[in-house]
Structure formats: C-alpha cells, structure tokens
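Here the structure is laid out as structure tokens; the discussion comes afterwards.
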Amino acid sequence: MSSLIELSIYLATLYLGGKLFSLFYADLVGHLLVGILLVAWGNLLPQFLTEALTSVGKLGMLLLVFEGGLSIEFEQVKKGFSQALLIALTGTFLPFGLGAVFGHFVLKFSWLEAIISAASLASTSIGIIIMLLSQQGITKTHFGALITIAALLDDIFSLVILAVMKQIGPIMQGTHNKVQPWLVARPFIVSVVFIILGICFFASLQRVVRLINIKLMSVEVTKSTLPSVQEDSINEELEREFDEKVSPYLHRLKVLLLSKEFLHRSILLFMLLAGLVFSTLAETLGSSELLGAFVAGFLFAPYALPLDLFQEYVHPIMGWTTPVFFSSVGFIVPVASLFTPANLGKGALYTIVMALTKFVAGMWVNPIFPDGVIVGVAMIARGEIGLVMASESVKNGMMGESPFIVTVWAIVVCTFVAPLGVAWGLKVRQRIITQVNSE
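For the sequence shown, the UniProt record's numbering gives the first residue as 1, with consecutive numbering after it.
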C-alpha cells in the first residue's frame, strides 16, 4: 500500500472518529482512539509519516494554546489567579506525593520508578483543557479562565518536577553523584521571568494602543474644525496630484498599504511571529514552549480584532492540526502490553488513585457542586506531557516496562474520562442555572 493511500485512510478515519464522538461532546477522544488503533496498534503509517504527523500535531498544540491565551479575559485572570494557584498546587503535588507512595508500597515499583510514574501523572493537559472549554463556549468566562490558568500553572510545576527528576534520577541509579542546582531551578525561574515579561509586554502594548488612539482622536478634532468643503477640496487636490506624479506601481502599492486586508494580515503575521518567538525562547531557556505560546496569545487578549482574525484565518488550518495533535498522543501507546492481567489490574488501581488525587483539586471552587466537580474532573485530563515523560524515562533506563505500562494505562483512561465528565458536568451546570433563572 502506498504512503499516500495510508495517509488518506488515516485522515478519513480521523475525521469520521471525531464526528462520531462529537455526538458525546468528546471528539478529541475519537481522535485519540484513531491514533491508538491505526498507528500504535495497527501500525498503519510508516515511520516518516508518523514523525511528520507528530510535528504537525505539535504545531496544532501550540496554536491551540496560543488561542487559549488570546481568549483569556484579563479581568477574569485577576479575579481568579489565587484560586487557580491553589488548584494547581493541589492538582500537581497531591498526585505526585500520593502516587509515588502508592506506586512504591502497593504496586511494588522501585522508588525511582514510582517517583517518575507519579511525575508523569502530575501534569494536566493544557491542550485538552483549552479544546474542551472552546467546544463548550466558556473560554472567556471566569469559570473557563480559572480552569485554563490552573492547568497552565499545573504544567509549569510538572516541568519543575521533571527537571528535578532529570538531575536526581541518575544519582538514584548510581550513574552520577552530583546535583546541579541551577538545572533543577531553571524551569521554575525561567517560567516566572517569562510570566513577568509577558505582563510587562502586555502593559506596554496597552499603553502604545492607548497613545495611538489619543493621537487619532486629536487628528479627528483638528479635522473637524475645518470646513467640510475645504477638507474635501484639499483631499481631492492631493489625491489628483499623487495620481499624476506617482507611477501606477507605486499607486497600487499605496492602495495595498492603505487597505483593510493588508492591515489585518499584518496584525495576524505579527501575532504568529510573537507566538513563534515566545515559544522558541521559552523552550530554549528551559521552560515550556506551551507557556511561551500562551503568554504570546495573552498579549493580544484585550483586543477583539486579533481574536477575530485568528478565528477567520487560522481556525480552518486548526481544523486539521488539532485532531492530528490529539491523535499523535496515541501514537506512542504500547497497545500490545496493555492487556496482560497484571498490568490491567495494577493499571485500574493506579488510575483510580491518580484520578481521585487530581479530582480533589476542585475543592477550592465554590460551590463545590457543580462548579468544583467540573474543575476537578477537568484537571484529571492527562496527555502528551505525561506520555512523553514516561517514554523518555524508559529509553533512559530509569523505568521498567511494567511500571511504564501501568503509567500509560492511567494516562490514557484519565484522558478518556475527563472530556466526557466535563461535558456532562457543564450540561448539569447549565440546567441548574436555567432553573434558578426561571424561578
């Protein structure tokens, strides 16, 4: 079978899987299943196509996170940041601590394997969270902003844990004997600096826009003092002189530069360049490229036009890159080893523990039902970061196959459950709001 036919089968199945599961408000679950069944289990695609689709999926994830920052209401962030911080701290360190203890004493992992497994399940998938909120149309609400910021902070804390494990892991294996403090602290420091820089850029951009608006208003006031006939004659004379003396090529350039379409595309290009620069810089300095993309999107959040342009020009592309991203999460799931009785039993136990420890994070939200329940269920969603962290640990010899399979079970099941649970919770929440308003 040719690669083109294989790719066509994959894309068609991806589309149909998403449409089928969209009936349950969880099309990303369908995309994930397609990745697991066709690629991880069915081995449909050759290696080069798998790698290419993984790169396309990574682009989709960055665009998704960028839009998450772009859709955030700044006032909502100010209101809910302290609450989101409590949710993130609970949702990161409770699963990490209890997961490590449970893994070592109950599942009989070594301490190193138990800690790495718990670290892999400490993060919440920001990509999945943003997709869920976008599908339900609540990204711009206080509730949506709270979940988004909590998931983002959760990822930052998880990156810090990952950096610590990269330093401590070899020491626990006996291959190194010295911890480098800077490498351990760097992800946290860089993330904090990036957030501060983002806030500074945000304030500066608002000031520039405000000054431009003031200038434009002063120009309008000056023009309004001139008689309308005189203004028209001046404009006509200048226009005629320009057309007579400037070549047709420059005239077309003038029309292009003054056109609304050129302005819109220039703004869009500036936004995407900002996303590229911020995400690349964040990853290079030791933080997460996802944080960089989110901060870049957040810079433009106060203005309606950037979001409108993003949805008009970029959304059609994301209609394919986003499903490919969620599907690519399933590419690295080791399907063949998932269903042995021992791994299945341990995986079920570990999934329950790691889901509950994330769910508890919703207790900081008032009212606990339904809002706290929805936040808790949303935080259960794992995904790409956990799978990559676990698979890298196996490659580096820090985790055996059985602990890896159990970890994958917990990640995959949590990723399936969260979208369905959030969709159900939001429907219940809307029903309650409707009943209260009707009384």
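The beta-carbon is built from N, C-alpha and C at its ideal position, and this holds for glycine as well.
Listed in chain order, the beta strand (DSSP E) runs fully inside the segment 30–65 amount to none, counting runs of at least 3 residues. Residue ALA348 holds the alpha-carbon nearest to the alpha-carbon of PHE102 among ALA348, VAL417 and PHE21. Here the C-alpha atom of ALA88 lies approximately 39 Å from the C-alpha atom of LEU7.
If you compare the alpha carbons of GLY372, ILE405 and GLY376 with that of SER391, the shortest gap goes to ILE405. The beta carbon of PRO95 sits closer than 6 Å to the beta carbons of LEU121, ALA122, MET354, THR357 and LYS358 from its chain, once the five residues preceding and following it are set aside; these are given in chain order. Judged by DSSP secondary structure, TRP424 falls within the alpha helix (DSSP H) whose first and last residues are 401–438. The three-state secondary structure of PHE325, taken from DSSP, is helix. Taken through DSSP and simplified to helix, strand or coil, GLU312 comes out as helix. In the structure shown, THR357 adopts helical secondary structure according to DSSP, grouped into three states. The C-alpha of PHE331 is placed about 24 Å away from the C-alpha of VAL422. Here VAL34 has THR13, LEU14, GLY17 and SER327 as same chain residues with Cβ atoms under 7 Å from its own Cβ, once five neighbours each way along the sequence are excluded. Spanning the alpha carbons of ARG186 and VAL164 requires a straight line of approximately 10 Å. When DSSP states are grouped into helix, strand and coil, LEU338 belongs to the coil group. Close CB contacts of GLY80 within its chain, under the 8 Å cut and outside five residues either way in sequence, are with HIS142, ALA145, LEU146 and ILE149 (chain order). The continuous alpha helix (DSSP H) containing ILE126 extends over residues 126–136.
By the neighbour-count criterion, in which 16 or more other beta carbons inside 10 Å mark a residue as buried, VAL329 falls on the buried side. Going by beta carbons, ALA274 and LEU307 fall outside the 9 Å limit.
Under the 10 Å beta carbon count, CYS200 is surrounded by fewer than 16 other beta carbons and is classified as exposed. Residue burial is scored here from C-beta neighbours: VAL106 has fewer than 16 other C-beta atoms within 10 angstroms and is therefore classed as exposed. Rounded to the nearest angstrom, the Cβ distance from VAL360 to GLY376 is 7 Å, consistent with a contact under 8 Å.
Per DSSP, GLU261 is one residue of the alpha helix (DSSP H) stretching across 260–285. A direct Cα-Cα distance of roughly 14 Å separates SER110 from ALA119. Of ILE156, PRO323, PHE66 and VAL295, the smallest CA-CA separation from LEU53 is found for PRO323. Per DSSP, reduced to three states, the secondary structure at ASN396 is coil, with no helix or strand assignment.
Going by DSSP, THR141 is part of no alpha helix (DSSP H) at all; its letter is neither H nor E. Taking PRO403 as reference, the option from LYS108, GLY69, LEU4 and TYR10 with the minimal CA-CA separation is LYS108. Per DSSP, reduced to three states, the secondary structure at ALA301 is coil, with no helix or strand assignment. If you draw a 10 Å sphere on the C-beta of PHE48, you find fewer than 16 other C-beta atoms in it, and that means exposed. By the CB criterion at 9 Å, LEU268 and TYR303 fall outside the cutoff. Residues ASP155, ILE156, LEU159, PRO187, SER191 and ALA282 of the same chain have their beta carbon placed closer than 8 Å to that of SER288, with the five preceding and five following residues left out of the count. Between THR50 and ILE72, the alpha-carbon positions lie close to 33 Å from each other.
With a cut-off of 8 Å on Cβ pairs, the segment 52–70 is not in contact with the segment 335–342, counting fewer than three such pairs. SER71 carries a coil assignment under DSSP once its states are collapsed to helix, strand and coil.
DSSP, read as helix, strand or coil, puts ALA203 in helix. The beta carbon of ASP27 sits closer than 6 Å to the beta carbons of GLY18 and PHE21 from its chain, once the five residues preceding and following it are set aside; these are given in chain order.
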